[in-house]
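A quick write-up on the structure given underneath.
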Amino acid sequence: MQSIPLGVSSLSSSRLAYGCWRVAGSWNPAEVTPESQAAGRQAIIAAYEAGYTLFDNADIYCHGEAERILGAVLKEVPEMRGRVLIATKGGIRPGGDSQAGAPPRYDFSATHLVSACEQSLMRLGVQTIDLYMLHRPDFLADPEEVARAFSCLKDAGKVRYFGVSNFRPTLLTALQVACPMPFIVHQVEISLARLDAFTDGTLDQCLVERITPMAWSPLAAGLIGDGAKALLPSQKSYRLQGILPVLENIAKSHGADRITVALAWLLKHPARIQPIVGSTNPQRIREAVKAVDLELTREEWYSLLIAARGEPLP
Ligand SMILES: NC(=O)c1ccc[n+]([C@@H]2O[C@H](COP(=O)([O-])OP(=O)(O)OC[C@H]3O[C@@H](n4cnc5c(N)ncnc54)[C@H](OP(=O)(O)O)[C@@H]3O)[C@@H](O)[C@H]2O)c1
16 MQSIPLGVSS
26 LSSSRLAYGC
36 WRVAGSWNPA
46 EVTPESQAAG
56 RQAIIAAYEA
66 GYTLFDNADI
76 YCHGEAERIL
86 GAVLKEVPEM
96 RGRVLIATKG
106 GIRPGGDSQA
116 GAPPRYDFSA
126 THLVSACEQS
136 LMRLGVQTID
146 LYMLHRPDFL
156 ADPEEVARAF
166 SCLKDAGKVR
176 YFGVSNFRPT
186 LLTALQVACP
196 MPFIVHQVEI
206 SLARLDAFTD
216 GTLDQCLVER
226 ITPMAWSPLA
236 AGLIGDGAKA
246 LLPSQKSYRL
256 QGILPVLENI
266 AKSHGADRIT
276 VALAWLLKHP
286 ARIQPIVGST
296 NPQRIREAVK
306 AVDLELTREE
316 WYSLLIAARG
326 EPLP
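Everything in the sequence shown is counted per our numbering, starting at 16 for the first residue and increasing by one.
Structure, rendered in C-alpha cells:
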C-alpha cells in the first residue's frame with residue numbers, strides 16, 4: 016500500500032490505518048469469548064498481510080480487551096512489531112473505575128495519563144507506543160499538566176509521538192502552545208455522513224499546522240455498506256438514502272463498490288485524510304485497499320458532497 020508521513024514526524028504509515036475498536040467482537044468484556052478473540056486476531060493479521068502499517072487502539076475499547084488482542088497478535092507474529100506503528104489513546108475513564116459511584120469522565124491529569132499509558136503498554140506487550148492520543152477533550156484539561164505528562168512519557172521512552180482526537184481546533188491550539196512536542200495527528204469522525212470537519216476549522220488547521228487528520232467511522236460504521244451492526248448513539252440519526260444511489264452510480268462507472276468510492280472520497284482531500292478502516296471481516300479489510308488507487312474526479316467528488324449535504328451548494 017502507498018504510504019504517507021504522519022504530520023511533521025519521521026513516521027511513515029500506510030495510506031489507510033486499521034482500527035481495532037471492534038476486534039473483541041463486542042464492546043462488553045463479559046461477552047468476549049475465545050472464538051471472538053480468535054476472530055479479532057485473524058482480522059488484525061489480515062490487515063497486516065494486506066499492508067496496513069498503523070494499528071489504532073484505545074484503552075477503553077472493550078475495557079482493554081482490544082489492546083490485549085493486538086498484543087496477542089504482536090506476540091504471535093514477532094516480526095510485525097518492527098514493521099508497524101502502534102497507536103492508542105487515553106484520557107477517558109469509565110464509571111466506577113476508581114470507586115463505586117464514580118461517573119464516566121475525562122481525565123487529563125498527569126497522574127491518570129501516565130498511569131493509563133503504562134497500562135496500555137502492558138496490555139499491548141510493547142516497550143514503546145508510536146503514537147499516543149488524548150481521546151476526548153477533558154473539560155478540566157490544564158495544558159501545562161498535559162505537557163508534563165507527555166514529557167514524562169517521552170523522556171522515559173514510553174511514547175514516540177502524540178496526537179489528539181475529537182478536539183475543537185481552538186483547544187488543540189491551546190494544548191499545543193503548552194506542549195513542546197508537535198501533535199502529529201487529529202483523529203475525528205469524517206465520512207459522507209459526517210461532514211463537520213470540512214467546515215468547523217479542523218481540516219483547515221490540519222493543513223496549516225501539517226497535522227494528519229485520521230478519519231474514524233469512515234464508512235459511517237457500515238451504513239455506507241450493507242448496514243451497520245453497532246452504531247454509536249451519535250450515529251443513530253444518520254440518514255444515507257440520498258447518498259447511496261449517487262455512490263452506487265459512481266462505483267459502477269469505476270467497476271468498484273460503494274465502500275471503495277466512499278474511502279476514495281476521503282483520500283482525495285489535500286489535507287491527506289487517513290481513513291481508519293474498522294471492518295473485522297478479512298475480505299472487506301483487503302478490499303478496502305483498492306480505494307488507494309481510485310482517483311475520483313472533482314465532478315464526482317462534488318456530486319457526493321452535494322448528495323451528502325442534502326441541499327445544493329450556496
Ligand atoms: N477517536 C475516536 O473517538 C474513535 C471513535 C470510533 C472509532 N474510532 C477508530 O476508528 C476505527 C474505525 O471506526 P469504525 O469501526 O466505526 O469504522 P467503519 O469502517 O466506518 O465501520 C466499520 C463497521 O462497518 C461494517 N462494515 C464495513 N463494510 C461493510 C459493508 N460493506 N457492509 C456492511 N457493513 C460493513 C463493519 O462490519 P464487519 O466487521 O462485519 O465488516 C464494522 O462493523 C475504529 O476501529 C477505531 O480505531 C475512533
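Using N, Cα and C, we set each Cβ at its ideal position, and we do this for glycine too.
In DSSP terms, what residue i is bridged to
i, result
"Asp71", "Gly34 and Ala102"
"Ala230", "Val203 and Pro290"
"Arg20", "It is worth fixing the name first, because residue 20 is Pro in this sequence and not Arg. Paired residues: Ser27."
"Arg120", "Arg108"
"Arg209", "Ser206"
"Phe177", "Tyr147 and Phe198"
Residue i: CB within 7 Å of a non-hydrogen atom of ligand 1
i, result
"Cys77", "no"
"Ile101", "no"
"Ala330", "Residue 330 lies beyond the residue range present for the chain, which begins at 16 and ends at 329; the question has no answer from this structure."
"Asp71", "yes"
"Gln17", "no"
"Leu311", "no"
"Ile265", "no"
"Gln289", "no"
"Gln52", "no"
"Thr295", "yes"
"Pro248", "no"
"Arg299", "yes"
"Leu207", "no"
"Ile199", "no"
"Trp36", "yes"
"His150", "yes"
"Asp241", "yes"
"Ser252", "no"
"Asn181", "yes"
"Gly237", "yes"
"Lys169", "no"
"Gln202", "yes"
"Ala245", "yes"
"Val47", "no"
"Ile60", "no"
"Ile84", "no"
"Ile258", "no"
"Ile321", "no"
"Val2", "The displayed coordinates of the chain run from 16 to 329. Any statement about residue 2 would go beyond what the structure contains."
"Ile226", "no"
"Val292", "yes"
"Ile144", "no"
Selection from the options that minimises the alpha carbon distance to residue i
i, options, result
"Leu262", "Glu91, Ala208, Arg175 and Val203", "Ala208"
"Arg96", "Gly140, Asp153, Ser206 and Leu21", "Gly140"
"Asp308", "Ile300, Pro327 and Leu278", "Leu278"
"Gly106", "Pro152, Val99, Arg83 and Leu146", "Pro152"
"Thr143", "Pro248, Ser113, Gln17 and Leu89", "Leu89"
"Ala61", "Arg301, Tyr253 and Ser268", "Arg301"
"Ser135", "Pro109, Asp170, Gly86 and Phe123", "Gly86"
"Arg324", "Thr227, Val292, Ala271 and Leu259", "Leu259"
"Phe123", "Gly55, Arg108 and Leu222", "Arg108"
"Asp55", "Pro327, Gly293, Val223 and Ala303", "Before going on, a small fix: residue 55 reads as Gly here, not Asp. Per the Cα distances, Gly293."
"Leu320", "Gln17, Ala212 and Leu155", "Ala212"
"Glu80", "Tyr63, Ala306 and Thr103", "Thr103"
"Glu82", "Gly111, Leu128 and Arg138", "Arg138"
"Ile197", "Phe165, Gly172, Leu311 and Phe182", "The amino acid occupying residue 197 in the given sequence is Pro; Ile does not appear at that position. Looking at the Cα atoms, Phe165 is the closest of the given residues."
"Ile101", "His201, Leu26, Ala65 and Ala58", "Leu26"
"Leu6", "Glu204, His284 and Pro228", "Nothing can be reported for residue 6: it is not among the residues displayed for the chain, which extend from 16 to 329."
"Pro119", "Ala125, Phe154 and Gly110", "Gly110"
"Gln298", "Asp112, Glu50, Gln57 and Pro44", "Gln57"
"Leu146", "Ala125, His127, Leu168 and Gly116", "Leu168"
"Arg183", "Ser28, Ala45 and Gly216", "Gly216"
"Glu94", "Asp112, Glu64 and Ala117", "Glu64"
"Asp272", "Val304, Ser249, Gln256 and Gln250", "Val304"
"Val256", "Ala156, Ala322, Thr48 and Cys132", "In the sequence on display, residue 256 carries Gln and not Val. If we check each option's Cα against that of Gln256, Ala322 comes out closest."
"Gly172", "Glu133, Leu186, Met148 and Ala189", "Glu133"
"Arg225", "Ala243, Val200 and Lys251", "Val200"
Ligand 2 heavy atom lying under 7 Å from the CB of residue i
i, result
"Ser232", "What this structure holds is ligand 1, not ligand 2."
Discussion item. I'd like to know if the segment 227–242 and the segment 272–292 are in contact, where contact means that at least 3 CB-CB pairs between them fall below 8 Å.
Written reply: Counting C-beta pairs with one atom in each stretch, the segment 227–242 and the segment 272–292 have three or more that are closer than 8 Å, which means they touch.
Practice prompt. Pair every Cβ in the segment 64–71 with every Cβ in the segment 25–32, then say whether three or more of these pairs are closer than 8 Å.
Written response: Yes, the segment 64–71 touches the segment 25–32.
Worksheet item: Is the segment 195–210 close to the segment 236–246, with three or more CB pairs under 8 Å?
Response: Touching, per the Cβ criterion.
Discussion item. Within 8 Å, do at least three Cβ pairs link the segment 160–178 to the segment 193–200?
Written reply: Three or more Cβ pairs drawn from the segment 193–200 and the segment 160–178 lie within less than 8 Å of each other, which places the two stretches in contact.
Practice prompt. Would you check if there are 3 or more beta carbon pairs closer than 8 Å linking the segment 20–27 to the segment 166–179?
Written response: The answer is yes - the segment 166–179 touches the segment 20–27, with three or more Cβ pairs under 8 Å.
Discussion item. Is it the case that the segment 76–84 contacts the segment 37–47, given that we only count it when at least three CB pairs across the two stretches are under 8 Å?
Written reply: As far as the Cβ criterion goes, the segment 37–47 touches the segment 76–84, which means the pair count is three or higher.
Fill in: beta strand (DSSP E) runs wholly inside the segment 216–265, at least 3 long, in chain order
Considered as a whole, the segment 216–265 harbours 227–231 as its complete beta strand (DSSP E) runs of no fewer than 3 residues, in chain order.
Worksheet item: Can you list, in chain order, the stretches of the alpha helix (DSSP H) that have 4 or more residues and sit fully within the segment 266–315?
Response: Every alpha helix (DSSP H) of 4 residues or more that sits fully in the segment 266–315 is shown, in chain order, as 273–282 and 297–303.
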